[in-house]
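Shown next, in structure tokens, is the structure this report addresses.
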DNA sequence: TATAAATAATAGTATTACTATCACAAAAAT
DNA sequence: ATTTTTGTGATAGTAATACTATTATTTATA
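Residue numbers (the working numbering), protein chains in the order written: chain A, 1 to 224; chain B, 225 to 448.
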């Protein structure tokens, strides 16, 4: 099943909305491919322009820098995760089951929608794991934050927080636990793949399954 | 009290050992100042050369890239943390007290040694929070890891893991919990300062104290 | 059909991340 | 005491990056 998901993303992220033209869509699409391929440090607008058979100048008409483009992609992802979570959790009443499914969704443990808006979700997920912290671990974080470009992330964390509070209304660290679960999902997946001695996935099993089990242990121990 | 701590750091990190000359020490020292000041992205060898009244070429004789220099600094920090932890935990027998003190050490909650080897520990700690993940969140992580430059980090995590196992020998995720505590200490401190709505430090109290309390809650709930 | 908007092509600048060469001074070896 | 080695500073240069500006051409819209 193919589906087209559009989210109204923050206008500070782009100069011209890439959703409104073919070149724009090609930029975002191929940026995901290219960042996945070469990593964010080696990713340049010149290489991206070559990939889409266009010029740097054209890309600069959409995004003022590669950081903005990365943040745009991450914004789309955070909106996507919250949307999918809201859809799938709607029918579930048991908060334990809710949190478990939420963790499964964070981990991309099963694919409901395989192709969305022509974005490759697998590659997008890899980018989120390896590059997402680079969007905010910068000197200008406070100015960027003022432009409200992190509100989809905050909104997603808030959604997770609400599940946490359903499970344990007296828990004093619901926000921190929500952001910790999200960050730890990324860290531990990266460690499991590249620095395995920092994890207990010694059998080198499926990284997702391992991290999913660990996150469950973590979350439910803390909330019990 | 001033103290000089020297650690034998991995030879793959430098071309010439900066400990062996005044310029070398000035490079590392001022790199900490400069990265703290402008952030790793804006940090260049040209700016560093100006700061120490020398030339780019001189710095390149010590470090082949700014990534290597960052990793060198982080290596020193990881060695330092493990050393301090081993010293301070030696007399303590109660594993609960051990873990609590370990978390306090991770958070730099109290300063025993204020100036070490002329490195500014406060600035070093800020760098660790904001920049440490950039040392391994790169495409070349596997090649870099083969050079053993992350072994001080692994060793530090292993030390924390042992405390965890003392507390709960049957715990299945001692390594992951160790790395999670370290990473979460950084994330949550950064969030508390710059994206506070991702934490529960709503009173905007002392970030360290807040994160320290949160880590305690996390660790001891999971291990109970 | 006229007009406006978006794009490709081209050119150019400042900065970055290096590499290479050479001369000089200090330290070490003979 | 004087060679030799070593580290440093000064200078120069290159390829790549991160942009900005200009113009001609295509495409969409009135």
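Ideal Cβ placement from N, Cα and C applies to all residues, glycine included. Values in this document were obtained by computation on a predicted structure and should not be read as measured data.
To which residues of the same chain is residue i closer than 7 Å at the C-beta, ignoring the five residues directly before and after it?
i, result
"residue 230 (chain B)", "243"
"residue 438 (chain B)", "412"
"residue 61 (chain A)", "15 and 16"
"residue 393 (chain B)", "none"
"residue 377 (chain B)", "302"
"residue 245 (chain B)", "none"
Give me, in chain order, the residues of the same chain whose beta-carbon lies closer than 8 Å to that of residue i; leave out the 5 immediate sequence neighbours on both sides.
i, result
"residue 151 (chain A)", "10"
"residue 307 (chain B)", "229 and 231"
"residue 405 (chain B)", "327, 330, 384, 439, 442 and 443"
"residue 81 (chain A)", "105, 106 and 156"
"residue 48 (chain A)", "27, 30, 31, 34 and 59"
"residue 314 (chain B)", "none"
Smallest Cα separation from residue i: which of the options?
i, options, result
"residue 257 (chain B)", "B:292, B:334 and B:346", "B:346"
"residue 428 (chain B)", "B:416, B:409 and B:332", "B:416"
"residue 209 (chain A)", "A:100, A:96 and A:35", "A:100"
"residue 382 (chain B)", "B:393, B:295 and B:402", "B:402"
"residue 292 (chain B)", "B:406, B:264 and B:404", "B:264"
"residue 137 (chain A)", "B:326, B:249 and B:419", "B:419"
"residue 23 (chain A)", "A:64, A:80 and A:55", "A:55"
"residue 65 (chain A)", "A:80, A:13, A:163 and A:161", "A:13"
"residue 363 (chain B)", "A:217, A:148, A:89 and A:126", "A:126"
"residue 329 (chain B)", "B:343, B:344 and B:312", "B:312"
"residue 239 (chain B)", "B:266, B:281 and B:259", "B:281"
"residue 343 (chain B)", "B:438, B:245 and B:249", "B:249"
"residue 440 (chain B)", "B:430, B:303, B:320 and B:245", "B:320"
"residue 206 (chain A)", "A:80, A:107 and A:90", "A:107"
Is the separation between the beta-carbon of residue i and that of residue j shorter than 7 Å?
i, j, result
"residue 379 (chain B)", "residue 200 (chain A)", "no"
"residue 59 (chain A)", "residue 30 (chain A)", "no"
"residue 212 (chain A)", "residue 94 (chain A)", "no"
"residue 391 (chain B)", "residue 447 (chain B)", "yes"
"residue 357 (chain B)", "residue 133 (chain A)", "yes"
"residue 267 (chain B)", "residue 259 (chain B)", "yes"
"residue 141 (chain A)", "residue 71 (chain A)", "no"
"residue 298 (chain B)", "residue 354 (chain B)", "no"
"residue 326 (chain B)", "residue 251 (chain B)", "no"
"residue 445 (chain B)", "residue 221 (chain A)", "yes"
"residue 86 (chain A)", "residue 92 (chain A)", "no"
Buried or exposed: which applies to residue i, given that a residue is buried once 16 or more other Cβ atoms fall within 10 Å of its Cβ?
i, result
"residue 124 (chain A)", "buried"
"residue 262 (chain B)", "exposed"
"residue 184 (chain A)", "buried"
"residue 413 (chain B)", "buried"
"residue 385 (chain B)", "buried"
"residue 202 (chain A)", "exposed"
Excluding the 5 residues flanking residue i on each side, which residues of the same chain have their C-beta closer than 6 Å to its C-beta?
i, result
"residue 128 (chain A)", "77"
"residue 165 (chain A)", "174"
"residue 147 (chain A)", "12"
"residue 368 (chain B)", "none"
"residue 410 (chain B)", "353"
> If you scan the region 227-306 of chain B from start to end, which runs of the alpha helix (DSSP H) of 4 or more residues do you find wholly inside it?
Replying inline: Here the runs fully enclosed are 246-262, 269-275 and 280-284.
> At which residue ranges does the region 370-440 of chain B contain complete beta strand (DSSP E) runs of 3 or more residues, listed in the order of the chain?
Replying inline: The beta strand (DSSP E) runs lying completely inside the region 370-440 of chain B and spanning 3 residues or more number zero.
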